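Visitor: Protein chains in written order, with the numbering used here: chain A, 1 to 436; chain B, 437 to 872; chain C, 873 to 1308; chain D, 1309 to 1744.
There are 4 protein chains.
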Amino acid sequence: MAAMTVRQIAPATGKLGVLTPGMGAVASTFIAGVIAAREGISAPIGSVSQMAHIRLGTKEENRNPLIKEFVPLADLGDIVFGGWDPISPNAMEAAKTAGVLEGKDLDSISAEMEGIVPMEAVFDQRWVSRLEGVRVKDIPNKWDQAEALIADMARFKEENGCDRLVIVWCGSTEAYQEPSAVHDTVASFEQGLRDNDDNISPSQIYCYAALQSDVPYANGAPNLTTDLPCMIELSKTNGVPIAGKDFKTGQTLMKTLLAPGFKARMLGVRGWFSTNILGNRDGEVLDDPENFKSKEVSKLGVLDGILQPEVYPDLYGNIDHVVRINYYPPRGDNKEGWDNIDIFGWLGYPMQIKVDFLCRDSILAAPIVLDLALFMDLAHRAGESGVQEWLSFYLKAPQAAGDVPAEADLFIQQTKLKNTLREWMGEQPVTHSEAG
Amino acid sequence: MAAMTVRQIAPATGKLGVLTPGMGAVASTFIAGVIAAREGISAPIGSVSQMAHIRLGTKEENRNPLIKEFVPLADLGDIVFGGWDPISPNAMEAAKTAGVLEGKDLDSISAEMEGIVPMEAVFDQRWVSRLEGVRVKDIPNKWDQAEALIADMARFKEENGCDRLVIVWCGSTEAYQEPSAVHDTVASFEQGLRDNDDNISPSQIYCYAALQSDVPYANGAPNLTTDLPCMIELSKTNGVPIAGKDFKTGQTLMKTLLAPGFKARMLGVRGWFSTNILGNRDGEVLDDPENFKSKEVSKLGVLDGILQPEVYPDLYGNIDHVVRINYYPPRGDNKEGWDNIDIFGWLGYPMQIKVDFLCRDSILAAPIVLDLALFMDLAHRAGESGVQEWLSFYLKAPQAAGDVPAEADLFIQQTKLKNTLREWMGEQPVTHSEAG
Amino acid sequence: MAAMTVRQIAPATGKLGVLTPGMGAVASTFIAGVIAAREGISAPIGSVSQMAHIRLGTKEENRNPLIKEFVPLADLGDIVFGGWDPISPNAMEAAKTAGVLEGKDLDSISAEMEGIVPMEAVFDQRWVSRLEGVRVKDIPNKWDQAEALIADMARFKEENGCDRLVIVWCGSTEAYQEPSAVHDTVASFEQGLRDNDDNISPSQIYCYAALQSDVPYANGAPNLTTDLPCMIELSKTNGVPIAGKDFKTGQTLMKTLLAPGFKARMLGVRGWFSTNILGNRDGEVLDDPENFKSKEVSKLGVLDGILQPEVYPDLYGNIDHVVRINYYPPRGDNKEGWDNIDIFGWLGYPMQIKVDFLCRDSILAAPIVLDLALFMDLAHRAGESGVQEWLSFYLKAPQAAGDVPAEADLFIQQTKLKNTLREWMGEQPVTHSEAG
Amino acid sequence: MAAMTVRQIAPATGKLGVLTPGMGAVASTFIAGVIAAREGISAPIGSVSQMAHIRLGTKEENRNPLIKEFVPLADLGDIVFGGWDPISPNAMEAAKTAGVLEGKDLDSISAEMEGIVPMEAVFDQRWVSRLEGVRVKDIPNKWDQAEALIADMARFKEENGCDRLVIVWCGSTEAYQEPSAVHDTVASFEQGLRDNDDNISPSQIYCYAALQSDVPYANGAPNLTTDLPCMIELSKTNGVPIAGKDFKTGQTLMKTLLAPGFKARMLGVRGWFSTNILGNRDGEVLDDPENFKSKEVSKLGVLDGILQPEVYPDLYGNIDHVVRINYYPPRGDNKEGWDNIDIFGWLGYPMQIKVDFLCRDSILAAPIVLDLALFMDLAHRAGESGVQEWLSFYLKAPQAAGDVPAEADLFIQQTKLKNTLREWMGEQPVTHSEAG
């Protein structure tokens, strides 16, 4: 095959500040797990960057290093934690409130967790009506809020001696709203900030402030933040990577495992009914139809992206796809998803599949936060800007870098992630064909 | 990238005889569906060779033909059906007994189905104690049985004006038995046939006869037939493709969808409990512990093949994997599989997944029979011999062509299948990386 | 024990007309099954009146007749079918549209089914917005509508030579509405009819017309019809039995099996999440939040009725009970219910139960229609009037005859039904104690 | 109704020793929960004797006391714990090994738990091959073993100042064996003890010793102990109550909830497939086919007892009933049961029910131990001897007191239990009929 050129990538020296807007269940679980991994208490299970091997060359060559030994990632020991939150006083309190982790897993790291105190948040209840913010910046104008966030980042970087920062949105889902004219260009957006435009949500202000501070921004919620034309423009102008959107956990993770399999085997799908029960803050927020709307759009698209009804109208052109989320306090943070899938095969005969997933959302999301932080930082050092489509592996509603829609199939996404790393490091992509 | 060379493939002219040892539920469903597809009654759902598209070049090129229009496969209209069975008088009776297809789906094709009369079988109740053969060759010596099968094939080819033949084993699972010295070489096997060696099972005689008749042989059961050194040797000497083993349907299909997903996301697996209930002839046969043993070995291996416990001991080194099959008459041919999967993630927290698959085994197996027949014939015309590892996509316990174990991950298998076809036709493999 | 007095019951001579307002899935399935039972094609499975035995005296006496041989019920051969429907032209078309029964089960009885033509309905889309009536009485005033129904019944009785009539409501669920002043007394209701009062729904007009025609009325939907003070008054004044409400099928049937068991064993309940998917006319109607409201009220009450949170606040005082109904066309008439139940036991330890019920609503409802018709007719001949609480066995939200709430526990309801019949016939109630 | 006579019952004064042969998961959970209840830490959830109310007279009378305030039961504060075990050094160690209760629930009661030291067991690995006893009486002859147990009880009673003793078997399931001639009479059994007869198992020696010591004996395992003619004879001769057999928990509990419901509604049952996965000592023991045999016999009978196929051959005469138990370590003590039930209704149409019960066996069994202990002691004081059929509510395979088989229907069993108590106390039985 053709020779490959190695990408120039700046080394991962110095400290990396990982900032999370939102320091609730997901962020505190992420922080606790990284601390535990640093102290050798538990392996960072679920983190591809830390745990996965990557095959290089042919199988016979038997080269199969850990990803973290193959590409120059920041070391877990070099991570400094920070963020913003309208409610939690520190990461330990956030973890206790969330109830994801048991007391015995928090006791030994409580001092360090208590020391991680979020900065006051940019928050507006109009976008998350079920929450009440108490640790909120008392700044009325949105331009001024952006300036304050930029100052927060500069101060955090200096006080903690960080070489670089990266942001991963771990906050709640905002109410759904179509993009408007204010989101068209950087110029219109900046005018909107000054005008305190109603269409600008808090997550957009965080994203703008990050990109203006040369800080990569990954979007873990279904908010449209990183999809907005102004943000894509700014990320390219400023040379900062962005990625979105919505951590791929729970039921949608399961969908992106199963749907590619049905398609691989050319089995038709007639219906897919998904219902969730969950009892945490996320469940409360999504019980509000406006916030659920954002989530629903993000969740419904995933099947079409994988199954390509336009190519396979007989198999996938007539799917009743229903998604429901129910606030059900007895479940606590342990979300449960029940799927009923109606498929059909040879001669049109129907079959049914029921999947009951007794899942833990924050446990599944935490390693995604880590991987997105490390890979976004890597991309930044590798000179990338704009949408990092190769990270769609981690995201429910992946953004495309170009005009062709992003892949939704988890296995193609995985291949894309690994082959991108191989290419950057000057290795041949793996094709699994006879010759490779 | 480097230029690719197109493989020389003989054209698919003339008729193709598809012979199935075993004309029960699977074979009769396969036949009925192909007839229905020929007559435009139903699309051949589940058949990758007939329904799937294959992307060529980059996404932007927008080249996406059907596989059957990309590679020179035999046309459905050119297939002639035949086989051997110890019980069924014809394909229509087999279909009625099996109860897979409803009366309304059989009525319009009953005449053609009745005309498909299996030849008398080589059968030995020692290997399938729960069945009683009535349409069995009255030939005591195994060498003579092989000769009779060779004669059957020659006669079938001539009487039906076939250009080529292919065999897909659709018979029952034979009792488990380790290979013995008689299976070491072609010479020792032929001596064993003459000596009526107890270690030689009927399926082995079919396979030997096929390879001596230049007929490719695919193995749809967990029998060790095509794994035997003598058969691999013979397939290479005679230049005939073989493939095995065990149609990938039902619960194992589901496993090969889910397990790669857990591994992709580096989620640990602590246990996997699988139970099946089924009420058909297959269920009766597998209720016998000796026959179940063959199946169990085939089913248990699949997880290790995918999860690589030797590479990931912390995640996959301690899995309690239990597989049970239960004869339960109320279910009829509609097998049901229930899986409980215990996984763990970040900080070792456990999660559970329950999958209830109300499945139809023969409906899932029938398109595999078609695809294996067409692709084995293609491989033959393309000059292949020995194990066709690129067809492991269809098989529960895939055989490797070389020393490295075959891939068990359905999605890598799919990539392998498609990239093999691309290479044969002189197209670049698809890598899904930025560059491809 | 004390001697019992036998009740005077008029004999079941002559024909019994069973009229159903609503001739859709449930009514057509009921009719088809009774015809099949009459012709010996199938036993009336699910019908307690036809299939169940009743133990008399002590076990040692070994007296265990069929209920239908113990009490003087109308014979299946004496039933004449009729009804009203805004859509179906006849029972055969209704059955075909419903898709509950397969063609092969309808073919042999199609002539008889086609001959059962519903009368034009009293219908108002305001109460069932998802349906469009086409076979509707063109009578604007509600008093006149009631008169027309009374005339319908008189004519039906005469034309068919019926000795007696009984009505079982098999129509759709009407939009939820609290009772208003017009429902207080018979006088106010009659004035409302004349005034075309908006608060009077079609089902109320049917019920009024029935009671004025000396025809017992059973209410198979969650409509508040038979609960209204005016109807209870009229049923007593006129000496006609009424019963309500809502056929106990599907998920609620399951609830009334399971909840009494938890209570019997003093296991606590922390939450009960119930979701339904169904694709028939009922599903479409209930997809409208106004109609679902009626259903939800009927479904939610059942747990409290059984578990008595006022008596057991520690066990049942804090239950999150959620009920959802989803229109999901792939399921057709085969409703599926999935329940998650969170219980707790010794030392407060939690346990979970998941129940997936692949159910057929009309198949479960049809024998209830039969039993209610026959038992209401029996009660009428036995001189009963007012609410027939002993029939609460069949009903989701049973009405009480007096001030004490009706029992919701299926097993107490069963005891009540059987002991009521025993008492009417002069037999001792069964107590299952040492002495009895 | 007729006047009732009050039974003479001796008062529950003084201490009650509750002895459990077997001090493993069930017994230690029972002990921990009673201690916690005494100290007000947790209510004794699941205990009918402690938590349930009982209605007296008509509903209108509104008399509804707690059972424990209605009948003279021993007070929880008066219970003294003891037992025998071949492995556990004390109740605390047993609880830790079992892993049923979390550390936080054991910490505050650990001192008391550690003080409960089982006596050395009569144990024979021939009957429980998967266990190795270490704290075992070194007495070879069975007669001498019985004498030693009798001495143990006398000493325990005296040392602890007990007024009365009661035994509840909480040990493992013994290997299945049909009764033999040695079990025919007390005389033959005593001769067998002297002869060290192979057919006499340890549980039989415990039972014999109890009955000779005037100590009631309840059998929580499927061992045939209390069914043996010699034991029934001895219990009557000596005036001591016995009860058996097999605590009704988990899947069988679920069966006795559901099956009565199907029968109440006259729904047919075509098949019932039950599988269990569990990872505790019980699971290990039952993985041995000989021990499973005892369990299987006990579990399979329950459906016939409820459904009466002899009375309802069309509905229940052809049931495929399969029960499987699987040792699956990831589940630990948290047994999980999955049931598939195939039912049929009107016109024979099939429906399916799947029940997944994430259960905790010891949590369900512990309150049964308490109730059996208290009610057996009550029965003893009430002058009862022989089989206590009214306690069949708690038992999987209930023994009948006379020739008529015992009721298996949980709801009839509940009625029987409560009406028995009502009768003993001179109250009318409740019939739920119009009159009562």
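Backbone N, C-alpha and C define an ideal beta-carbon position, used for all residues, glycine too.
Please read all numbers here as calculations on a predicted model, not as lab measurements.
Counting only Cβ-Cβ distances shorter than 7 angstroms, please list the residues of the segment 770-804 of chain B near chain A, keeping chain order.
Guide: Answer set for the segment 770-804 of chain B: F780, G781, W782, L783, G784, Y785, M787, Q788, I789, K790, V791, D792, F793, L794, C795, R796, I799, L800, A802 and P803.
Visitor: D:A1572 versus chain C: which residues are under 9 angstroms apart at the beta carbon?
Guide: Per Cβ cutoff of 9 angstroms: V920, A924, L1129, F1265, L1282, F1283, Q1285 and Q1286.
Visitor: According to DSSP, which residues form a beta bridge with A:I440?
Guide: Because chain A here runs from 1 to 436, residue 440 of chain A falls outside it and cannot be looked at.
Visitor: Please give the ranges of any alpha helix (DSSP H) in the segment 229-307 of chain A, keeping only runs that are unbroken, at least 4 residues long and fully inside the region.
Guide: Runs found: 229-238, 250-264, 281-286 and 289-307.
Visitor: Taking the alpha-carbon positions, what's the D:G1390 to D:E1692 distance?
Guide: Between D:G1390 and D:E1692, the C-alpha separation is close to 24 angstroms.
Visitor: May I have the straight-line CA-CA distance separating B:L743 from B:K699, to the nearest angstrom?
Guide: Taking the straight line from one Cα to the other gives about 6 angstroms.
Visitor: Secondary structure at C:F1309, three-state DSSP: helix, strand or coil?
Guide: Residue 1309 of chain C is absent from the model: chain C starts at 873 and stops at 1308.
Visitor: Of all the options A:D356, A:V302 and A:V269, which has the alpha carbon lying nearest to the alpha carbon of A:Y316?
Guide: Nearest option by C-alpha distance: A:V269.
Visitor: Exposed or buried, B:V721, counting other C-beta atoms within 10 Å across all chains shown (16 or more means buried)?
Guide: By the neighbour-count rule (16 or more Cβ atoms within 10 Å), B:V721 is buried.
Visitor: Helix, strand or coil: how does DSSP classify C:H1055 here?
Guide: Of the three classes helix, strand and coil, the one that applies to C:H1055 here is helix, per DSSP.
Visitor: My output table needs one value for A:I343: the three-state DSSP class, helix, strand or coil.
Guide: Looking at A:I343 - three-state DSSP - the assignment turns out to be strand.
Visitor: Could you check if C:V898 is buried or exposed, using at least 16 other CB atoms within 10 Å of its CB as the buried criterion?
Guide: C:V898 should be labelled buried.
Visitor: Over what stretch of residues does the alpha helix (DSSP H) that includes C:V1315 continue unbroken?
Guide: Since the first residue of chain C shown is 873 and the last is 1308, residue 1315 of chain C is not available in this structure.
Visitor: Using a beta-carbon distance below 7 angstroms, is C:D1192 in contact with chain A?
Guide: C:D1192 counts as touching chain A.
Visitor: Does the beta carbon of C:G929 come closer than 7 angstroms to any beta carbon on chain D?
Guide: Cβ-Cβ to chain D under 7 angstroms: no for C:G929.
Visitor: Give the interface partners of C:G1155 over in chain A, defined as CB-CB distance under 8 angstroms, in chain order.
Guide: Under the 8 angstroms cutoff, chain A gives no residues; its nearest Cβ is about 11 angstroms from C:G1155.
Visitor: Would a C-beta distance cut-off of 7 angstroms place D:W1451 and D:N1527 closer than the cut-off?
Guide: Not closer than 7 angstroms, so no.
Visitor: Write down the C-beta distance between C:V920 and D:I1661 rounded to the nearest angstrom, noting that I regard them as a contact closer than 8 angstroms.
Guide: Their Cβ separation, rounded to whole angstroms, is 20 angstroms, which puts C:V920 and D:I1661 out of contact at 8 angstroms.
Visitor: At the 7 angstroms Cβ level, is D:I1585 part of the contact set with chain B, yes or no?
Guide: At least one chain B Cβ lies under 7 angstroms of D:I1585.
Visitor: How about B:L452: is its C-beta nearer than 7 angstroms to some C-beta of chain A?
Guide: No, its Cβ sits nowhere closer than 7 angstroms to a Cβ of chain A.
Visitor: Would a check of beta-carbon distances place A:Y328 closer than 7 angstroms to chain C?
Guide: A:Y328 counts as touching chain C.
Visitor: Using only CA atoms, which one of C:A1254, C:E1279 and C:N1291 lies nearest to C:P883?
Guide: C:P883 has its Cα closest to that of C:A1254, out of C:A1254, C:E1279 and C:N1291.
Visitor: Exposed or buried, what is D:A1459 when buried is set at 16 or more other beta-carbons lying within 10 Å of its beta-carbon?
Guide: With fewer than 16 Cβ atoms within 10 Å of its Cβ, D:A1459 is classed as exposed.
Visitor: Determine the direct distance from the alpha carbon of D:G1640 to that of B:G707, and round the result to whole angstroms.
Guide: Cα to Cα, the separation comes out at about 12 angstroms.
Visitor: Can a CB atom of chain A be found closer than 7 angstroms to the CB of C:R1142?
Guide: True, the Cβ-Cβ gap to chain A drops below 7 angstroms.
Visitor: Using C-beta distances below 6 angstroms, list every residue in its chain close to B:L857, excluding the 5 sequence neighbours before and after it, in chain order.
Guide: So the list reads V507, once near-sequence residues are dropped.
Visitor: Rounding to the nearest angstrom, what Cα-Cα distance links A:S180 and A:G250 in this structure?
Guide: Roughly 31 angstroms between the two C-alpha positions.
Visitor: Mark B:W860 as exposed unless 16 or more other C-beta atoms lie within 10 angstroms of its C-beta, in which case mark it buried.
Guide: Classification for B:W860: buried.
Visitor: Is D:L1473 close to chain C? Criterion is C-beta to C-beta, closer than 7 angstroms.
Guide: It does not; no Cβ of chain C falls within 7 angstroms.
Visitor: Going by other Cβ atoms of all chains shown within 10 Å of its Cβ, with 16 needed for buried, is C:T1045 buried or exposed?
Guide: So C:T1045 counts as buried.
Visitor: State buried or exposed for C:V1038, treating a residue as buried only when at least 16 other CB atoms are found within 10 Å of its CB.
Guide: When all chains shown are included, C:V1038 counts as buried.
Visitor: Alpha helix (DSSP H) containing D:Q1773: first to last residue?
Guide: No statement about residue 1773 of chain D is possible, as the shown extent of chain D runs from 1309 to 1744 and does not include it.
Visitor: In the structure shown, what three-state DSSP assignment does C:L1096 receive?
Guide: C:L1096: coil per DSSP, three-state reduction.
Visitor: Can you list, in chain order, the residues of its chain with a C-beta nearer than 8 angstroms to that of D:S1496? Leave out the 5 residues immediately preceding and following it.
Guide: A1489, V1490 and C1538, listed in sequence order.
Visitor: List, in chain order, every chain C residue whose beta-carbon is nearer than 9 angstroms to that of A:R324.
Guide: What A:R324 touches in chain C: T1147, R1196 and N1198.
Visitor: Report the CB separation of A:A32 from A:M153 in whole angstroms; it is logged as a contact under 8 angstroms.
Guide: Going by Cβ atoms, the distance from A:A32 to A:M153 rounds to 23 angstroms, so no, they are not a contact pair.
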